[in-house]
Amino acid sequence: MELNKIEQLLDAYFEGETTLAEEQKLRDYFTGDDVATHLEPYIAMFSAFAKAKQEVFTGEINLPQTQKKRSLYWIPIAASIAIIIGLFLTFNTGGGQHDYGTYKDPDVAALKTKQALYMMSSFMDEGAEQLEALDEFKKTTDKYLK
Amino acid sequence: MNQSDFLIVVTPFQDKVYRLAKRLLVSEEEAKDATQEILLKLWSKREQMQKYRSTEAFAITMTKNYCYDKLKAKSSNNMKIVHNNYEDPNYNTGREAENNDAVNWVFKLMKDLPDQQQLILQLRDVEEYTNSEIAEQLQLNETAVRVALSRARKSIREALIKKHSYGIK
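Taken in order, these protein sequences are the chains called H and X. The numbering used here puts the first residue of the first sequence at 2, with every later residue one more than the last. The numbering used here puts the first residue of the second sequence at 22, with every later residue one more than the last.
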């Protein structure tokens, strides 16, 4: 490329007014073999950019495993399914044929109820007998406190 | 999106992220950590990734923010960046080898620029992004990018010419 074209480009370059394509031309020129003597100071600059471009990332990229996250996602679902099945099995056995010990015949039922009530009242009477002792106490107090 | 899809998206620009981090943080180790960290962040945001117009621009923005944070933490800890080793053992071919010292010196000059100018110079002259891409990545306007770029280039030129006129090479 002609020298004065390069000089023009260089001036524009320092004003920040070159295009990427023009900058590529400058880089090609300055990393090439015949650079005009008075432009030699710029060789280092453009070689530096060219060199910087060649560096690559050599480290390893360690991404966290996605598998773990997915399995965690399923745990609550699996647990709730297990609970639902458990509840279903617990409450669904026998299918509504529960035996509460009720009597089918109303007469028998009435009789049994009466028996139960009698038994209760007899217990209450037994308790009341104990209270007769209190009458004795009252008699004595009446005798002295008229 | 699974891991291999993610790696396909990320591979084209992971070197750029690394180089940018290295430009700002200097140390290779720190740059590697930064790259790993940024890819992890991207991975954790992979579901939202499709929303961004360009994953690459998003990654560059994240890199910038990450490095700024690191640099801030460093200066508040009063730590000095002592790692100044720019040697690349794999790079030793032909004519550039002769210029290695001069090239390393340019890297040092770049390091002395303000952070934003370093970033812009790296993104434009090394990674060859357009000014509008850089503006998007750094959340600046294009004029600001152009001005900073011109300033960065001129400060390097000044130093180069000064050095050359002393006849030191």
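We put the beta carbon where it would ideally sit given N, CA and C, even for glycine.
What's the call for residue i, buried or exposed, on a 16-neighbour Cβ count within 10 Å?
{"i": "residue 93/H", "result": "exposed"}
{"i": "residue 117/X", "result": "Model confidence at residue 117/X stands at a pLDDT of 49, short of 50, so the residue's coordinates are unreliable; what they give is reported in the following sentence. Classification for residue 117/X: buried."}
{"i": "residue 50/X", "result": "exposed"}
{"i": "residue 48/H", "result": "buried"}
{"i": "residue 158/X", "result": "buried"}
{"i": "residue 109/H", "result": "exposed"}
{"i": "residue 68/X", "result": "exposed"}
{"i": "residue 22/H", "result": "exposed"}
{"i": "residue 89/H", "result": "exposed"}
{"i": "residue 183/X", "result": "exposed"}
{"i": "residue 127/X", "result": "buried"}
{"i": "residue 152/X", "result": "buried"}
{"i": "residue 7/H", "result": "buried"}
{"i": "residue 117/H", "result": "exposed"}
{"i": "residue 135/H", "result": "exposed"}
{"i": "residue 87/X", "result": "buried"}
{"i": "residue 52/H", "result": "buried"}
{"i": "residue 56/H", "result": "buried"}
{"i": "residue 64/X", "result": "buried"}
{"i": "residue 81/X", "result": "buried"}
Could you tell me the boundaries of the alpha helix (DSSP H) in which residue i lies?
{"i": "residue 47/H", "result": "42-54"}
{"i": "residue 130/H", "result": "107-145"}
{"i": "residue 185/X", "result": "163-186"}
{"i": "residue 159/X", "result": "152-159"}
{"i": "residue 7/H", "result": "4-15"}
{"i": "residue 122/X", "result": "121-133"}
{"i": "residue 32/H", "result": "21-32"}
{"i": "residue 141/X", "result": "136-142"}
Apart from the five residues on each side of it in sequence, which residues of its chain come closer than 7 angstroms, Cβ to Cβ, to residue i?
{"i": "residue 62/X", "result": "83"}
{"i": "residue 56/X", "result": "35, 38, 39, 42"}
{"i": "residue 76/X", "result": "30, 70"}
{"i": "residue 146/H", "result": "none"}
{"i": "residue 175/X", "result": "none"}
{"i": "residue 137/H", "result": "none"}
{"i": "residue 173/X", "result": "134, 138, 141, 142"}
Compute the distance between the beta-carbons of residue i and residue j, then report whether it is under 9 angstroms.
{"i": "residue 40/X", "j": "residue 143/X", "result": "yes"}
{"i": "residue 44/X", "j": "residue 43/H", "result": "no"}
{"i": "residue 45/H", "j": "residue 124/X", "result": "yes"}
{"i": "residue 25/H", "j": "residue 154/X", "result": "no"}
{"i": "residue 104/H", "j": "residue 113/H", "result": "yes"}
{"i": "residue 168/X", "j": "residue 17/H", "result": "yes"}
{"i": "residue 60/X", "j": "residue 62/H", "result": "yes"}
{"i": "residue 64/H", "j": "residue 24/X", "result": "yes"}
{"i": "residue 40/H", "j": "residue 50/H", "result": "no"}
{"i": "residue 145/X", "j": "residue 170/X", "result": "yes"}
{"i": "residue 37/H", "j": "residue 4/H", "result": "yes"}
{"i": "residue 15/H", "j": "residue 53/X", "result": "no"}
{"i": "residue 140/X", "j": "residue 85/X", "result": "yes"}
Can you list, in chain order, the residues of its chain whose CB lies under 8 angstroms from that of residue i, leaving out five sequence neighbours each side?
{"i": "residue 92/X", "result": "45, 46, 136"}
{"i": "residue 73/X", "result": "79"}
{"i": "residue 156/X", "result": "162, 163, 165, 166"}
{"i": "residue 128/H", "result": "none"}
{"i": "residue 123/H", "result": "none"}
{"i": "residue 28/H", "result": "47, 50, 51"}
Apart from the five residues on each side of it in sequence, which residues of its chain come closer than 6 angstroms, Cβ to Cβ, to residue i?
{"i": "residue 130/X", "result": "177, 180"}
{"i": "residue 155/H", "result": "Given that chain H is displayed from residue 2 to residue 147, the structure contains no residue 155/H and the question cannot be resolved."}
{"i": "residue 141/H", "result": "none"}
{"i": "residue 89/X", "result": "none"}
Any heavy atom of the ligand ADP inside 8 angstroms of the beta-carbon of residue i?
{"i": "residue 33/H", "result": "The model on display carries no ligand, and the ligand ADP is accordingly not part of it."}
Uninterrupted alpha helix (DSSP H) stretches inside the segment 27-96 of chain X (no shorter than 4 residues): Listed in chain order, they are 49-65, 67-70.
Near-chain C residues of the segment 36-48 of chain H (beta-carbon distance less than 9 angstroms), N- to C-terminal order: Among the protein chains of the structure shown, namely H and X, there is no chain C.
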